[in-house]
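Engineer: Each number in the numbering used here corresponds to the 1-based position in the sequence shown with 3 added. Note that CB positions come from ideal geometry on N, CA and C, so glycine has one too. Just so you know, these numbers come straight off a predicted model, no measurement behind them. Sharing a structure with you now.
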Amino acid sequence: MRLCAIAALVAGPVLLGLALAGSTARAADTSDTGSDRWDVPVAVRKLDNGLTVVVSEDHSSPTVGVSVVYHVGMRLEPRNRTGFAHLFEHLMFEGTPNAKEGVFDRVITGGGGRNNGSTRPDFTNYIEMAPVSALEPMLWLEADRMKTLDFNPTTLKNQQDVVKEEIRVNVKNQPYGGFMWIDIGQQAFSKWENNHDGYGSFEDLEGASLEDVRGFHRDYYGPNNAVLGIAGDVTPEQGFALAEKYFGGIPARKTPPAPDYSEGLNTQEKRIQQSDALAQVPAIAAAWKMPDRGSKDQAPMAVLGDVLAGGSASRFYLGLVKGRELALNVESLYGLTSPWEYDGPTLFTVFALYKPTTDADAVLRAMDEEIAKVASEGVSAEELARVKTGMLASWYDGLEAFISRADTLAKLQLLWGDAEVVNKIPAWIEAVTSEDVQRAARTYLASANRTVIDRKPAAMLQSAPAAKPAQPASGND
């Protein structure tokens, strides 16, 4: 069964690994700026039908990565059809009148390539990598399923069952059940577009009809609602010509206007306790609403996230796992994406398994103490430099594989309207000061902007004496 990237997140709060095959490691270009910065080649052109094409030329390997990103995701799926965007992602691999079911995978994997897709709140992306000799077949296949699909009851029923089985395996029958990215958003956000379960309910999935599928493809899968990214052993001129050859004849289609899904920061902490029949130890998810995309606080918040929860040298790990020995682990995530790849409201979430000998209040107090230190004292030059170096290394590493680079460029073009953001993010990270980090801590990590889920093993709750209603933990305001 195809590995769906939304399902991959359940096993751990990391994005689908895209380090498949691509460019070789390179030294940073310091000739002009004097800094260790690599400028990714970026060329952009819009076709007459509205399809935006981004090409990144790199001849270090005879391979190529392709990404087609559509501006539709969980926020835009129809009401009473939760999980429909994710269901449709699966349907895109089920064949067309010209390329029946299985042809897409056989053509790409038969040539030594790989492919996948994923659904996020603001986009759905489809990615491939292969030797450069397979570039034209890959583009033909992508253009073919942009035109139309093989809409039939059997395919729809099969994929409805596949998605339902994913939910059983990854949520219903999994300890913690993805509560740190499904349930937390349902509690933290106020608008339906942001707080419904993008995985979907069985009832809603079963209610999807063939007419729903046809309408969704018509409304959201036109060339004017998409970005094509190509990275690797191809010149911009070649890439643009091939895009015109295979996609240029697809007519633009009217896309429904997006609803207003904007939300401000929360003004009162929310605390929820859940029971988990499969969990062995209790867990906590604490989430804060992030600054808007493009805000002056976006980069400071990203740096702050790494200061607090970016690995074994972070404040939360050293303070909660090593120091106070309250938690067994500390992990962080930014909704279902990254601190740079979102459009509407998203969350900075910290997830931790904690020891049964303590409680959620103690874990939250420890988090608040670390946040308060940053808010009042800032971050030392040494710590800030270490965190920035790690973030920059991670950013550049993520662009090495051509499939990842094509996907990143396409997503940035779609969300920001500017693929050159790929070369601006390192400068934004480098420019963050201790004062910026302090401001982000005070503004966004206030307890009033926090949503908390305390997930306890069912056996632990059954054996515990009746407890008083949970009270908000004292913290940084």
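May I have the straight-line CA-CA distance separating A462 from S278, to the nearest angstrom?
Structural biologist: Here residue 462 corresponds to residue number 459 of the sequence shown, with the count starting at 1. Here residue 278 corresponds to residue number 275 of the sequence shown, with the count starting at 1. The straight-line gap from Cα to Cα measures roughly 9 Å.
Engineer: Helix, strand or coil: how does DSSP classify N119 here?
Structural biologist: Stepping through the sequence shown from its first residue, residue 119 is reached at position 116. In the structure shown, N119 sits in a strand (DSSP, three-state: E or B).
Engineer: Taking the straight line between their C-alpha atoms, what separation do you get for L142 and L245?
Structural biologist: What you label residue 142 is simply residue 139 of the sequence shown in a count that begins at 1. What you label residue 245 is simply residue 242 of the sequence shown in a count that begins at 1. Their backbone Cα atoms lie some 8 Å apart in a straight line.
Engineer: Could you pull out every residue in the same chain whose Cβ sits closer than 8 Å to the Cβ of N128, ignoring the five residues on either side in sequence?
Structural biologist: The sequence position of residue 128 within the sequence shown is 125, counting from 1. S70, V71, V72, Y73, G120, S121, D410, A413, K414, listed in sequence order.
Engineer: Between Q162 and G381, what straight-line distance do the alpha-carbon atoms span, to the nearest angstrom?
Structural biologist: For this step, residue 162 is matched to residue 159 along the sequence shown. For this step, residue 381 is matched to residue 378 along the sequence shown. Whole-angstrom Cα-Cα distance: 50 Å.
Engineer: What are the uninterrupted segments assigned as alpha helix (DSSP H) that are 4 or more residues long and contained completely in the segment 399-453, given in chain order?
Structural biologist: Complete alpha helix (DSSP H) runs here, min 4: 405-419, 424-434, 437-447.
Engineer: Whose CA, out of L281, I170, S317, lies closest to the CA of T85?
Structural biologist: Along the sequence shown, read from residue 1 onward, the residue named residue 85 stands at position 82. That would be I170, whose Cα lies nearest to the Cα of T85.
Engineer: Alpha helix (DSSP H) containing M304: first to last residue?
Structural biologist: The count along the sequence shown starts at 1 and reaches residue 304 at position 301. Per DSSP, M304 belongs to the alpha helix (DSSP H) from 301-312.
Engineer: Excluding the 5 residues flanking R445 on each side, which residues of the same chain have their C-beta closer than 7 Å to its C-beta?
Structural biologist: Walking along the sequence shown from the start, residue 445 turns up at place 442. Around R445: A378.
Engineer: Pull up the distance between the alpha-carbon of L159 and that of N101, whole angstroms please.
Structural biologist: On the sequence shown, position 156 is the one that residue 159 refers to. On the sequence shown, position 98 is the one that residue 101 refers to. C-alpha separation (whole angstroms): 18 Å.
Engineer: Do W419 and F351 have their CB atoms nearer than 8 Å?
Structural biologist: On the sequence shown, position 416 is the one that residue 419 refers to. On the sequence shown, position 348 is the one that residue 351 refers to. Not in contact: W419 and F351 (Cβ atoms no closer than 8 Å).
Engineer: Taking its Cβ as the centre, do 16 or more other Cβ atoms sit within 10 Å of S317, making it buried, or is it exposed?
Structural biologist: Taking the first residue of the sequence shown as position 1, residue 317 is located at position 314. Buried, because 16 or more other Cβ atoms sit within 10 Å of the Cβ of S317.
Engineer: Tell me whether the beta-carbon of S335 lies closer than 8 Å to the beta-carbon of V353.
Structural biologist: Position 332 of the sequence shown, counting from 1, holds the residue named residue 335. Position 350 of the sequence shown, counting from 1, holds the residue named residue 353. Yes; because the gap between Cβ atoms is below 8 Å, this pair is in contact.
Engineer: Please confirm whether N52 and I253 have their CB atoms less than 8 Å apart.
Structural biologist: Locating residue 52 in the sequence shown gives position 49, where the first residue counts as 1. Locating residue 253 in the sequence shown gives position 250, where the first residue counts as 1. It is a contact, given that the beta carbons lie within the stated cut-off.
Engineer: Does the distance from the CB of A229 to the CB of S59 come in under 8 Å?
Structural biologist: Counting from 1 along the sequence shown, the entry for residue 229 is found at position 226. Counting from 1 along the sequence shown, the entry for residue 59 is found at position 56. Their beta carbons are not under 8 Å apart, which means A229 does not touch S59 by this criterion.
Engineer: Mapping the DSSP letters down to three states, classify G37 as helix, strand or coil.
Structural biologist: Along the sequence shown, read from residue 1 onward, the residue named residue 37 stands at position 34. Only weak support exists for where G37 lies, its pLDDT of 40 falling under 50; the value from the coordinates is given anyway. Coil at G37, not helix or strand.
Engineer: Just how far apart, CA to CA, sit E247 and L138?
Structural biologist: Residue numbering aside, residue 247 sits at position 244 when the sequence shown is read from its first letter. Residue numbering aside, residue 138 sits at position 135 when the sequence shown is read from its first letter. The alpha-carbon atoms of E247 and L138 are separated by roughly 14 Å.
Engineer: If we ignore side chains and look at the alpha-carbon of each, how far apart do A312 and S212 end up?
Structural biologist: If you number the sequence shown from 1, residue 312 lands on position 309. If you number the sequence shown from 1, residue 212 lands on position 209. Distance between the alpha carbons of A312 and S212: 43 Å.
Engineer: Excluding the five sequence neighbours on either side, which residues of its own chain have a C-beta within less than 7 Å of the C-beta of A1, listed in chain order?
Structural biologist: Outside the modelled stretch of the chain, which goes from 4 to 480, sits residue 1, for which no answer is possible.
Engineer: I need the DSSP call for M4, collapsed to helix, strand or coil.
Structural biologist: The residue labelled residue 4 in the question sits at position 1 within the sequence shown. Caution applies to M4, whose pLDDT of 35 falls short of 50 and renders its modelled position unreliable; the value that the coordinates give is listed next. It is coil, neither helix nor strand.
Engineer: Between F182 and I456, which are expected to be in contact by the criterion C-beta below 8 Å, what is the C-beta distance as a whole number of angstroms?
Structural biologist: For this step, residue 182 is matched to residue 179 along the sequence shown. For this step, residue 456 is matched to residue 453 along the sequence shown. Rounded, the Cβ-Cβ distance is 6 Å, consistent with contact.
Engineer: Return the first residue and the last residue of the alpha helix (DSSP H) that E206 is part of.
Structural biologist: Position 203 of the sequence shown, counting from 1, holds the residue named residue 206. Run containing E206: 205-210, per the alpha helix (DSSP H) assignment.
Engineer: Taking three-plus beta-carbon pairs below 8 Å as touching, is the segment 205-219 in contact with the segment 293-310?
Structural biologist: Taking 8 Å as the limit for Cβ pairs, the verdict is that the segment 293-310 does not touch the segment 205-219.
Engineer: So, using beta-carbon positions, are R408 and L417 closer together than 8 Å?
Structural biologist: Taking the sequence shown and counting its residues from 1, one reaches residue 408 at position 405. Taking the sequence shown and counting its residues from 1, one reaches residue 417 at position 414. No.
Engineer: Where does D457 sit, in a helix, a strand or coil, going by DSSP?
Structural biologist: Looking up residue 457 in the sequence shown gives position 454. D457: strand per DSSP, three-state reduction.
Engineer: Look up E97 in the DSSP assignment and give the residues it is bridged to.
Structural biologist: As a first step, residue 97 must be located in the sequence shown, where it is residue number 94. According to DSSP, E97 bridges with nothing at all.
Engineer: Rounded to whole angstroms, what's the CA-CA distance from V150 to E385? Just pull it up for me.
Structural biologist: In the sequence shown, the residue the question calls residue 150 occupies position 147. In the sequence shown, the residue the question calls residue 385 occupies position 382. Here residue 150 is Lys; the residue named in the question, Val, does not match the sequence. Taking the straight line joining both Cα atoms gives about 54 Å.
Engineer: Alpha carbon to alpha carbon, how far is L144 from K103?
Structural biologist: In the sequence shown, the residue the question calls residue 144 occupies position 141. In the sequence shown, the residue the question calls residue 103 occupies position 100. So the two alpha carbons sit approximately 11 Å from each other.
Engineer: Which value, in whole angstroms, describes the spacing of the CA atoms of P99 and V57?
Structural biologist: Sequence index remark: in the sequence shown, residue 99 carries index 96 (1-based). Sequence index remark: in the sequence shown, residue 57 carries index 54 (1-based). Sequence inspection shows Thr at residue 99; the Pro mentioned does not correspond to that position. Near 26 Å, if we compare the C-alpha coordinates of V57 and T99.
Engineer: Give me, in chain order, the residues of the same chain whose beta-carbon lies closer than 6 Å to that of E80; leave out the 5 immediate sequence neighbours on both sides.
Structural biologist: Taking the first residue of the sequence shown as 1, we reach residue 80 at position 77. Once the five neighbours on either side are set aside, the close Cβ partners of E80 are F87, A88.
Engineer: Ignore the nearest five residues each way along the sequence and tell me which others in V43's own chain have a CB closer than 8 Å to its CB.
Structural biologist: Position 40 of the sequence shown, counted from the first residue, corresponds to residue 43. Same-chain partners within the cutoff: S59, L402, R408, L412, V425, N426.
Engineer: Assuming V67 and D236 form a contact by the criterion Cβ under 8 Å, report the distance between their Cβ atoms to the nearest whole angstrom.
Structural biologist: Here the question's residue 67 lines up with position 64 in the sequence shown. Here the question's residue 236 lines up with position 233 in the sequence shown. Their Cβ separation, rounded to whole angstroms, is 6 Å, which keeps V67 and D236 in contact under 8 Å.
Engineer: Give every residue of the same chain whose Cβ lies closer than 6 Å to the Cβ of P262, excluding the five residues on either side of it in the sequence, and list them in chain order.
Structural biologist: Counting from 1 along the sequence shown, the entry for residue 262 is found at position 259. Counting only Cβ-Cβ distances below 6 Å, and skipping sequence neighbours, we find E196.
Engineer: Would V216 and F154 qualify as a contact pair, given that the criterion is a beta-carbon distance under 8 Å?
Structural biologist: Numbered from its first residue, the sequence shown carries residue 216 at position 213. Numbered from its first residue, the sequence shown carries residue 154 at position 151. Yes, the pair counts as a contact, with Cβ atoms nearer than the cut-off.
Engineer: Would you identify the three-state DSSP class for E334, choosing helix, strand or coil?
Structural biologist: Residue 334 sits at position 331 when you count from the first residue of the sequence shown. Strand at E334.
Engineer: Tell me the rounded alpha-carbon separation between W343 and Y399.
Structural biologist: Here residue 343 corresponds to residue number 340 of the sequence shown, with the count starting at 1. Here residue 399 corresponds to residue number 396 of the sequence shown, with the count starting at 1. Rounded to whole angstroms, W343 to Y399 spans 14 Å at the Cα level.
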